[in-house]
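Chemist: Have a look at this one.
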Amino acid sequence: MRILGVDYGDRHIGLALSDPLGMIAQPLETYTLKEKKAENAAFFRGLVQTHGIERIVLGLPLRMDGTSGTRAEKTQVFARWLEQNTGCPVVLWDERLTTRQATGIMQAQSVRIEKRRSVVNQIAAVLILQAFLDGQANDAPDSPVA
39 MRILGVDYGD RHIGLALSDP LGMIAQPLET YTLKEKKAEN AAFFRGLVQT HGIERIVLGL
99 PLRMDGTSGT RAEKTQVFAR WLEQNTGCPV VLWDERLTTR QATGIMQAQS VRIEKRRSVV
159 NQIAAVLILQ AFLDGQANDA PDSPVA
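In our numbering, the protein residues as written are 39 to 184.
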(Lines of atoms letter the chains of each structure in order from A; the text may use other names.)
(Lines give C-alpha, C1' and ligand atoms only; values in the text may rest on other atoms or scores of the structure.)
Protein backbone atom coordinates (compact mmCIF):
# COMPACT_ATOMS: atom_id res chain seq x y z
CA MET A 39 0.00 0.00 0.00
CA ARG A 40 1.45 3.37 -1.02
CA ILE A 41 1.00 6.34 1.28
CA LEU A 42 1.51 9.99 0.35
CA GLY A 43 3.13 12.31 2.90
CA VAL A 44 2.24 16.00 2.64
CA ASP A 45 3.84 19.11 4.14
CA TYR A 46 1.26 21.82 3.39
CA GLY A 47 2.18 25.47 2.91
CA ASP A 48 0.38 28.50 1.51
CA ARG A 49 2.32 28.33 -1.77
CA HIS A 50 4.43 25.18 -1.75
CA ILE A 51 3.52 21.64 -0.78
CA GLY A 52 6.21 19.09 -0.02
CA LEU A 53 5.37 15.56 -1.10
CA ALA A 54 6.83 12.21 -0.09
CA LEU A 55 5.86 8.68 -1.06
CA SER A 56 6.17 5.42 0.81
CA ASP A 57 7.61 2.30 -0.76
CA PRO A 58 5.02 -0.36 -1.75
CA LEU A 59 5.43 -2.11 1.62
CA GLY A 60 4.70 1.09 3.53
CA MET A 61 8.00 1.05 5.41
CA ILE A 62 10.23 3.76 3.93
CA ALA A 63 9.41 7.35 2.97
CA GLN A 64 11.11 8.90 -0.05
CA PRO A 65 10.97 12.49 -1.35
CA LEU A 66 8.70 12.92 -4.35
CA GLU A 67 8.50 16.61 -5.30
CA THR A 68 7.55 20.10 -4.24
CA TYR A 69 4.26 21.22 -5.77
CA THR A 70 3.49 24.91 -6.22
CA LEU A 71 -0.20 25.62 -5.71
CA LYS A 72 -2.04 27.07 -8.68
CA GLU A 73 -4.65 29.84 -8.59
CA LYS A 74 -7.34 27.53 -9.97
CA LYS A 75 -8.44 24.90 -7.47
CA ALA A 76 -9.45 22.60 -10.34
CA GLU A 77 -5.79 22.43 -11.45
CA ASN A 78 -4.71 21.50 -7.93
CA ALA A 79 -7.44 18.86 -7.69
CA ALA A 80 -6.39 17.35 -11.03
CA PHE A 81 -2.76 17.24 -9.88
CA PHE A 82 -3.57 15.36 -6.66
CA ARG A 83 -6.00 12.98 -8.39
CA GLY A 84 -3.25 12.23 -10.91
CA LEU A 85 -0.77 11.48 -8.11
CA VAL A 86 -3.22 9.08 -6.47
CA GLN A 87 -3.85 7.25 -9.75
CA THR A 88 -0.25 7.19 -10.96
CA HIS A 89 1.23 5.89 -7.71
CA GLY A 90 -1.69 3.81 -6.43
CA ILE A 91 -1.94 5.88 -3.25
CA GLU A 92 -4.42 4.53 -0.70
CA ARG A 93 -3.89 6.97 2.17
CA ILE A 94 -2.57 10.49 2.67
CA VAL A 95 -0.70 11.64 5.77
CA LEU A 96 -0.86 15.41 6.18
CA GLY A 97 1.34 17.22 8.66
CA LEU A 98 -0.63 19.24 11.21
CA PRO A 99 1.34 22.25 12.49
CA LEU A 100 0.40 22.43 16.15
CA ARG A 101 1.84 24.99 18.51
CA MET A 102 4.54 23.81 20.88
CA ASP A 103 1.95 23.49 23.68
CA GLY A 104 -0.14 21.17 21.46
CA THR A 105 -2.93 23.64 20.69
CA SER A 106 -4.21 24.58 17.25
CA GLY A 107 -3.61 27.96 15.70
CA THR A 108 -4.52 29.62 12.42
CA ARG A 109 -2.04 27.52 10.45
CA ALA A 110 -3.48 24.27 11.87
CA GLU A 111 -7.01 25.40 11.00
CA LYS A 112 -5.97 26.12 7.39
CA THR A 113 -4.37 22.69 7.25
CA GLN A 114 -7.57 21.03 8.48
CA VAL A 115 -9.54 22.80 5.74
CA PHE A 116 -6.97 21.57 3.20
CA ALA A 117 -7.30 18.03 4.63
CA ARG A 118 -11.05 18.03 3.96
CA TRP A 119 -10.49 19.43 0.46
CA LEU A 120 -7.82 16.79 -0.26
CA GLU A 121 -10.05 13.96 0.92
CA GLN A 122 -13.00 15.19 -1.15
CA ASN A 123 -10.91 15.66 -4.29
CA THR A 124 -8.88 12.44 -4.17
CA GLY A 125 -11.22 9.99 -2.46
CA CYS A 126 -8.32 8.96 -0.20
CA PRO A 127 -8.59 9.03 3.58
CA VAL A 128 -6.43 11.78 5.09
CA VAL A 129 -4.68 11.27 8.42
CA LEU A 130 -3.48 14.36 10.29
CA TRP A 131 -0.05 13.86 11.87
CA ASP A 132 1.78 16.13 14.30
CA GLU A 133 4.48 17.93 12.34
CA ARG A 134 5.98 20.17 15.00
CA LEU A 135 9.55 21.14 14.14
CA THR A 136 9.78 19.09 10.92
CA THR A 137 10.74 22.10 8.79
CA ARG A 138 13.42 23.04 11.31
CA GLN A 139 14.63 19.42 11.33
CA ALA A 140 14.69 19.36 7.52
CA THR A 141 16.73 22.57 7.43
CA GLY A 142 19.16 21.12 9.97
CA ILE A 143 19.61 17.96 7.91
CA MET A 144 20.40 19.98 4.80
CA GLN A 145 22.82 22.25 6.67
CA ALA A 146 24.63 19.20 8.01
CA GLN A 147 24.92 17.90 4.45
CA SER A 148 26.25 21.28 3.25
CA VAL A 149 23.34 21.76 0.85
CA ARG A 150 23.51 25.23 -0.70
CA ILE A 151 20.86 27.74 0.38
CA GLU A 152 19.35 27.98 -3.12
CA LYS A 153 18.84 24.21 -3.21
CA ARG A 154 17.48 24.15 0.37
CA ARG A 155 14.58 26.40 -0.55
CA SER A 156 13.46 24.02 -3.27
CA VAL A 157 13.63 20.81 -1.23
CA VAL A 158 12.93 21.78 2.39
CA ASN A 159 9.22 20.99 2.00
CA GLN A 160 10.00 17.59 0.46
CA ILE A 161 12.32 16.69 3.33
CA ALA A 162 9.69 17.84 5.85
CA ALA A 163 7.13 15.62 4.06
CA VAL A 164 9.55 12.68 4.31
CA LEU A 165 9.97 13.29 8.06
CA ILE A 166 6.18 13.46 8.56
CA LEU A 167 5.54 10.31 6.54
CA GLN A 168 8.41 8.34 8.10
CA ALA A 169 7.18 9.21 11.61
CA PHE A 170 3.74 7.94 10.62
CA LEU A 171 5.14 4.74 9.09
CA ASP A 172 7.29 4.10 12.15
CA GLY A 173 4.26 4.68 14.37
CA GLN A 174 2.24 2.17 12.33
CA ALA A 175 5.03 -0.39 12.61
CA ASN A 176 4.90 0.02 16.39
CA ASP A 177 1.08 -0.21 16.46
CA ALA A 178 0.68 3.44 17.39
CA PRO A 179 -2.76 5.00 16.95
CA ASP A 180 -3.60 6.43 13.51
CA SER A 181 -2.83 9.96 14.61
CA PRO A 182 -1.31 11.41 17.74
CA VAL A 183 -3.34 14.57 17.16
CA ALA A 184 -6.81 13.12 16.55
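C-beta atoms are modelled at their ideal positions from N, C-alpha and C, and glycine is treated no differently.
Expressed to the nearest angstrom, what Euclidean distance is found between the alpha-carbon atoms of Q114 and G104?
Modeler: Residue mapping note: residue 114 aligns to position 76 of the sequence shown, counting from 1. Residue mapping note: residue 104 aligns to position 66 of the sequence shown, counting from 1. Approximately 15 Å between the Cα atoms of the pair.
Chemist: With distances taken between CB atoms, is the gap from G43 to V95 smaller than 7 Å?
Modeler: On the sequence shown, position 5 is the one that residue 43 refers to. On the sequence shown, position 57 is the one that residue 95 refers to. Yes. Within cutoff.
Chemist: Keeping to the same chain, check which residues put their C-beta closer than 7 Å to that of L98; ignore five residues upstream and five downstream.
Modeler: Reading the sequence shown from its first residue, position 60 is the one you call residue 98. If we look at L98 and ignore the five residues flanking it on each side, its Cβ neighbours are A110, T113, L130, W131, D132, E133 and V183.
Chemist: Across the segment 165-179 and the segment 73-90, are there enough close Cβ pairs to call them in contact, namely three or more that are closer than 8 Å?
Modeler: no
Chemist: Can you give me the start and stop residues for the alpha helix (DSSP H) that L85 sits inside?
Modeler: Within the sequence shown, the letter at position 47 stands for residue 85. L85 -> alpha helix (DSSP H) spans K75 to H89.
Chemist: For Q168, which of G52, S56 and I91 has the nearest alpha-carbon?
Modeler: Mapped onto the sequence shown, residue 168 falls at position 130. If we check each option's Cα against that of Q168, S56 comes out closest.
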